[in-house]
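Be aware that the sequence shown starts at 0, since it is given in numbering that gives the first Met the number 0, and climbs by one per residue. Here a beta-carbon is modelled for each residue, glycine too, at the ideal position from N, C-alpha and C. Comments concern the structure below.
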Amino acid sequence: MVREYEKALFGAALRIVGDRDLAEDVLQSAFLKAYNALPSLKPGSNLRAWLYRILVNTAYDHLERRKTYARALEAAASRAPAASRGYDESEADRQRELSRSVEAAVRSLPARYRDALLLRSIQGLSYAEVAEALGIPETTARSLVHRGKQMLVPKLAAWME
């Protein structure tokens with residue numbers, strides 16, 4: 000279970016908490032919780048979605064305990080693109096700046112939209128798996144992903160010119 004899901008779950012944890020060390024702690028805690036809860040997993044359940052649900056809940060528990068959520072958002076917001084970019088900027092620099100801008104924009108979304116969007120668009124879960132991971136109906140998962148994307152458009156408008 001760990002070998003199969005470790006990389007994908009770590010990526011999700013890192014995107015939620017925004018800090019590599021904290022993401023490692025979250026991942027370790029999530030796997031420990033999953034291991035302890037394995038006997039309660041119903042036969043035929045979606046293991047992947049179940050693990051993501053544990054991970055998301057664990058990530059928010061860690062954020063709440065450490066009070067780092069606000070600092071992570073502030074750090075991401077401080078990496079937003081400058082109002083004016085020079086014409087001599089290299090393509091690699093522009094790509095890095097775009098990547099940081101997208102990450103900051105996604106982190107600035109309300110948690111329910113961000114989580115649904117990350118699980119669907121970044122982690123590649125189906126809408127049914129997103130719904131199961133977040134404990135919501137599938138139609139709500141679809142709506143949250145769609146609205147999350149809509150909320151990103153104005154935040155990234157400078158890049159769409």
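Residue i in three-state terms, based on DSSP
i           : result
residue 6   : helix
residue 55  : helix
residue 35  : helix
residue 15  : helix
residue 118 : helix
residue 123 : coil
residue 46  : helix
residue 133 : helix
residue 62  : helix
residue 200 : Shown here, the chain extends from 0 to 160; a query on residue 200 therefore has no answer.
residue 21  : helix
residue 40  : coil
Residue range of the unbroken alpha helix (DSSP H) whose run includes residue i
i           : result
residue 98  : 90-106
residue 148 : 137-154
Selection from the options that minimises the alpha carbon distance to residue i
i           : options            : result
residue 5   : 21, 16 and 29      : 29
residue 126 : 15, 45, 41 and 159 : 45
residue 60  : 96, 39, 43 and 22  : 22
residue 31  : 15, 19, 53 and 16  : 53
residue 14  : 138, 2, 38 and 62  : 62
residue 26  : 43, 38, 42 and 2   : 2
residue 101 : 41, 89 and 159     : 159
residue 109 : 121, 136 and 147   : 147
residue 16  : 94, 106, 38 and 96 : 106
residue 18  : 135, 58 and 149    : 58
Within 7 Å, strictly: CB atoms of residue i and residue j
i           : j           : result
residue 131 : residue 11  : no
residue 91  : residue 115 : no
residue 151 : residue 111 : no
residue 124 : residue 118 : yes
residue 155 : residue 103 : no
residue 8   : residue 33  : no
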